[in-house]
Amino acid sequence: AQTVTQSQPEMSVQEAETVTLSCTYDTSESDYYLFWYKQPPSRQMILVIRQEAYKQQNATENRFSVNFQKAAKSFSLKISDSQLGDAAMYFCAYRSVQGAQKLVFGQGTRLTINP
Amino acid sequence: NAGVTQTPKFRILKIGQSMTLQCTQDMNHNYMYWYRQDPGMGLKLIYYSVGAGITDKGEVPNGYNVSRSTTEDFPLRLELAAPSQTSVYFCASSDDRGTYEQYFGPGTRLTVT
Numbered sequence: 008a009q010t011v012t013q014s015q016p017e018m019s020v021q022e023a024e025t026v027t028l029s030c031t032y033d034t035s036e037s038d039y040y041l042f043w044y045k046q047p048p049s050r051q052m053i054l055v056i057r058q059e060a061y062k063q064q065n066a067t068e069n070r071f072s073v074n075f076q077k078a079a080k081s082f083s084l085k086i087s088d089s090q091l092g093d094a095a096m097y098f099c100a101y102r103s104v105q106g107a108q109k110l111v112f113g114q115g116t117r118l119t120i121n122p
Numbered sequence: 018n019a020g021v022t023q024t025p026k027f028r029i030l031k032i033g034q035s036m037t038l039q040c041t042q043d044m045n046h047n048y049m050y051w052y053r054q055d056p057g058m059g060l061k062l063i064y065y066s067v068g069a070g071i072t073d074k075g076e077v078p079n080g081y082n083v084s085r086s087t088t089e090d091f092p093l094r095l096e097l098a099a100p101s102q103t104s105v106y107f108c109a110s111s112d113d114r115g116t117y118e119q120y121f122g123p124g125t126r127l128t129v130t
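Here you go:
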């Protein structure tokens, strides 16, 4: 079974600075998807960014980018120019390309933005 | 466009009571899922369905039941509620084509006392 580990329970960053959230995963599959989800206090799960394992190029969405290291099974999220609205829980998630597309989540990292 | 809706938003149950959490999606998605999120933790899969009439267990199915009589609806039944079922419950759906992105409902906060 696949597992996802987020080793940083909490992180904080000054507004406008850059922060990197870490995620590692374990799988025997060669093709899969990785995701970062944001969960603000409203509890809504918001997809931030998606990475297909077969793609070498790291995904980017505006201020959000990932560093995908397939051999190391590492998938970190970089947030540039941090804004107060970025404060939230961030979850890393894994999904196989086979079967019912179930998501396996990490434990989450709580990100605080200091003004 | 409503997306995935869940009712109720909040509920308090006494130990041993039963209830059904409702989930409806209007995107004609075949895949639907129920997750639970315990305080300070990530989401864990309870049950999932790949289409009407087809359901299967996820990682933490004990104490729950589901049914899928229509594409739109995927209710989660709690029988004999226990304090260990205090959690936030999320329903999600996804298409079985393209990117398979999962769309989440707003969650139901359940407390069992």
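Quick note, the sequences are listed as chains A and B, same order. Position in the first sequence (from 1) plus 7 gives the number in the working numbering. Position in the second sequence (from 1) plus 17 gives the number in the working numbering. Note that the Cβ used here is the ideal one computed from N, Cα and C, for glycine as well. In this text, all values refer to a predicted model and were calculated from it rather than measured experimentally.
A direct Cα-to-Cα measurement between Q58/A and Y39/A gives close to 9 Å.
The beta carbon of P47/A lies closer than 6 Å to those of A95 in the same chain, with the five residues before and after it left out.
The beta-bridge partner set that DSSP reports for R53/B consists of K61/B and Y106/B. In chain A, no part has a C-beta under 8 Å from the C-beta of P78/B; the shortest such distance is about 13 Å. According to the DSSP secondary-structure assignment, Q46/A is paired through a beta bridge with M96/A. Using a CB distance cut-off of 8 Å, G20/B does not count as an interface residue toward chain A.
Taking 8 Å as the upper bound for CB-CB distance, G115/A and G59/B are in contact here, some 5 Å apart. Judged by pairs of C-beta atoms under 8 Å, the stretch 75 to 91 of chain A does not touch the stretch 18 to 38 of chain B, as fewer than three such pairs exist. Rounded to whole angstroms, the separation of the alpha carbons of E89/B and S111/B is 12 Å.
Within a 10 Å sphere around the beta-carbon of L91/A sit fewer than 16 other beta-carbons, which makes this residue exposed. Annotated three-state conformation of S101/B is helix, per DSSP. Here the alpha carbons of V111/A and S83/A stand approximately 16 Å from one another.
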